[in-house]
Every structure is written in C-alpha cells, then in structure tokens.
Amino acid sequence: MDAGSGTSWVVRGLRVAFGVLGIVALAWIPLRDLDTDTFSPANYFSYFTIQSNILGVIVLLIGGLRDPTSRRWQVLRGAATLYLLITGVVYAVLLANIDVMLTDQWINDILHRILPIVLVLDWILMPVRLGITGRLIGGWLIYPAAYGVYSLTRGHVLDWYPYPFLDPRGQGYVSLIIGMIILTGVFALLAVAVAALGGLALRRREPGEVVT
Numbered sequence: 001m002d003a004g005s006g007t008s009w010v011v012r013g014l015r016v017a018f019g020v021l022g023i024v025a026l027a028w029i030p031l032r033d034l035d036t037d038t039f040s041p042a043n044y045f046s047y048f049t050i051q052s053n054i055l056g057v058i059v060l061l062i063g064g065l066r067d068p069t070s071r072r073w074q075v076l077r078g079a080a081t082l083y084l085l086i087t088g089v090v091y092a093v094l095l096a097n098i099d100v101m102l103t104d105q106w107i108n109d110i111l112h113r114i115l116p117i118v119l120v121l122d123w124i125l126m127p128v129r130l131g132i133t134g135r136l137i138g139g140w141l142i143y144p145a146a147y148g149v150y151s152l153t154r155g156h157v158l159d160w161y162p163y164p165f166l167d168p169r170g171q172g173y174v175s176l177i178i179g180m181i182i183l184t185g186v187f188a189l190l191a192v193a194v195a196a197l198g199g200l201a202l203r204r205r206e207p208g209e210v211v212t
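Under full-length UniProt numbering, the residues of the sequence shown are numbered 1 to 212, in order.
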C-alpha cells in the first residue's frame with residue numbers, strides 16, 4: 001500500500017477485504033458452472049449487477065492499495081458508487097423475488113446488498129466535493145444508457161434479456177419505453193444524490209475546496 005495516502009489504514013484495509021470478497025462472489029458461479037450446458041459466460045457478464053460489481057471491486061482494490069486523490073479518480077469512484085447504488089435499489093424494488101441467474105443466496109447478498117452498502121459508506125466516510133453539474137451527472141449516466149441500448153439490441157438478436165423490465169416480449173414496447181423513462185429519471189436523481197452526499201459529508205467534517 002502507498003504510505004503517502006491520507007486515508008487511514010483501517011479504511012484501506014477494509015476496501016481491500018471487501019474487494020476480495022467481491023472477487024470471490026463474482027468468480028464463484030463461473031468457476032462452478034463453466035462446464036455446464038446451462039451456463040453462458042456472455043449472458044453472465046451481460047448483467048448490470050455483474051458489470052457494476054466488477055467496477056466496484058476494481059475501485060475498492062485500487063482505493064485500498066493506492067488510494068489515488070485526483071479529481072478524475074474521484075469521478076470514477078463516484079460513478080462506481082452510483083452504479084452499485086442503482087444495482088441495490090433496482091434489486092430491492094424490482095428483482096428481489098425474481099431469478100436473475102444468481103441462485104446462491106450468499107452471492108445475491110454480497111452483490112446486491114453488501115457491496116452497494118460498502119461503496120455508499122465508503123463515499124460517505126471518505127467524501128469528496130465534486131459539485132453537482134450537468135456534465136458530471138450526464139457523464140455518470142452514459143454507462144446506464146449504453147447498457148440499456150446494449151441489452152435491448154443483444155436481446156433482440158439472441159432472444160434473451162437479462163431483466164424482465166428490459167424485455168419487450170411480454171410488456172410491449174410502449175410499456176418498455178415508459179419504464180425506461182421512469183428509470184432514467186430515478187437514476188438521474190440517484191446521481192444527484194451521490195454527488196450531493198459527497199459534498200454534504202465533506203462539509204460536515206471540515207470546510208474544503210472542490211477537488212481539482
């Protein structure tokens with residue numbers, strides 16, 4: 001670990017520990033089911049849950065081992081926090097009682113509950129003031145939007161959709177579009193909340209400058 005960091009060793013150690021826990025959870029199903037006919041690596045890595053948790057694990061490990069402080073890094077860290085928060089909220093509201101390929105409850109708990117909470121707590125405990133700007137919020141929302149386009153395009157070609165709310169076969173495209181508009185609004189609000197939370201938490205600790 002980089003000894004020049006201003007982050008405590010306890011926080012950095014916890015980041016690494018939860019990052020390793022995430023790796024175990026992410027790797028468990030592929031390693032166990034890789035040789036079975038029912039497992040598709042392409043489908044597995046097409047879940048938003050998996051992609052967002054991969055980013056979250058990377059951010060935790062780099063944050064624990066190196067703890068960068070640049071604005072670019074903090075923007076990426078905020079993005080990872082947002083995407084894991086989206087994962088947790090969507091799972092709790094829309095997917096908790098639906099089979100989304102993660103049949104092991106402990107994996108569900110780690111990827112849908114524990115790691116989203118860890119990233120949010122890390123953002124609160126080690127806050128940064130990025131400012132709430134259209135450029136920041138829009139930049140954070142590029143990936144969820146691209147993921148939606150990817151999932152709909154891939155689903156149309158392969159007749160497989162990762163989530164029911166992205167599947168037009170049962171609900172039709174009108175309901176799908178309405179649902180996507182609502183989700184986009186919710187994601188934008190969550191993005192604003194993440195940006196605001198960092199600034200508020202930092203203000204409570206000590207007056208500080210916007211990260212540059």
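Glycine residues also receive a C-beta, built at the ideal position from the N, C-alpha and C atoms.
Which residues bound the alpha helix (DSSP H) around residue i?
i: residue 75; result: 71-90
i: residue 114; result: Taken as a continuous stretch (DSSP letters only), residue 114 belongs to no alpha helix (DSSP H), as it is neither H nor E.
i: residue 216; result: Since the first and last residues shown for the chain are 1 and 212, residue 216 lies out of range.
If we count the other Cβ atoms within 10 Å of its Cβ and call it buried at 16 or more, is residue i buried or exposed?
i: residue 112; result: buried
i: residue 74; result: buried
i: residue 210; result: A caution first: residue 210 carries a pLDDT of 48, below 50, which makes its placement in the model unreliable, though a value can still be read off. Exposed, since its Cβ has fewer than 16 Cβ neighbours within 10 Å.
i: residue 110; result: buried
i: residue 85; result: buried
i: residue 72; result: exposed
i: residue 31; result: exposed
i: residue 175; result: exposed
i: residue 49; result: buried
Which residue from the options puts its Cα closest to that of residue i?
i: residue 88; options: 198, 200, 186; result: 186
i: residue 199; options: 174, 78, 37; result: 78
i: residue 214; options: 133, 7, 127; result: Examination of residue 214 is not possible in this model, given that the chain is present from 1 through 212 alone.
i: residue 219; options: 37, 46, 13, 161; result: No statement about residue 219 is possible, as the shown extent of the chain runs from 1 to 212 and does not include it.
i: residue 130; options: 86, 184, 202; result: 202
i: residue 59; options: 160, 98, 155, 123; result: 123
i: residue 47; options: 37, 95, 71; result: 95
i: residue 67; options: 10, 39, 50; result: 10
i: residue 148; options: 80, 51, 69; result: 51
i: residue 82; options: 34, 97, 55, 166; result: 55
i: residue 194; options: 166, 177, 175, 116; result: 116
i: residue 162; options: 93, 44, 23, 192; result: 44
i: residue 53; options: 69, 134, 22; result: 22
i: residue 69; options: 120, 16, 33, 127; result: 127
i: residue 145; options: 177, 105, 38; result: 177
i: residue 16; options: 42, 57, 40; result: 57
i: residue 135; options: 39, 191, 197, 35; result: 191
i: residue 42; options: 121, 132, 158, 93; result: 158
i: residue 125; options: 36, 37, 197; result: 197
i: residue 152; options: 139, 35, 132, 173; result: 173
Who are the Cβ neighbours of residue i in its own chain at under 8 Å, not counting the five residues just before and after it?
i: residue 170; result: 164
i: residue 114; result: 18, 21
i: residue 143; result: 79, 83
i: residue 104; result: 28, 29
Excluding the five sequence neighbours on either side, which residues of its own chain have a C-beta within less than 7 Å of the C-beta of residue i, listed in chain order?
i: residue 188; result: 137, 141
i: residue 154; result: 46
i: residue 107; result: 25, 28, 29
i: residue 33; result: 39
So, at 6 Å on beta carbons, what are the nonlocal neighbours of residue i in its own chain, with the 5 sequence-adjacent residues on each side left out?
i: residue 18; result: 60, 118
i: residue 91; result: 112
i: residue 180; result: none
Alpha helix (DSSP H) runs contained entirely in the segment 123-182, provided each spans 4 or more residues: 134-158
Any beta strand (DSSP E) of 3 or more consecutive residues that is wholly inside the segment 13-69: DSSP runs (the beta strand (DSSP E)) wholly in the segment 13-69: none.
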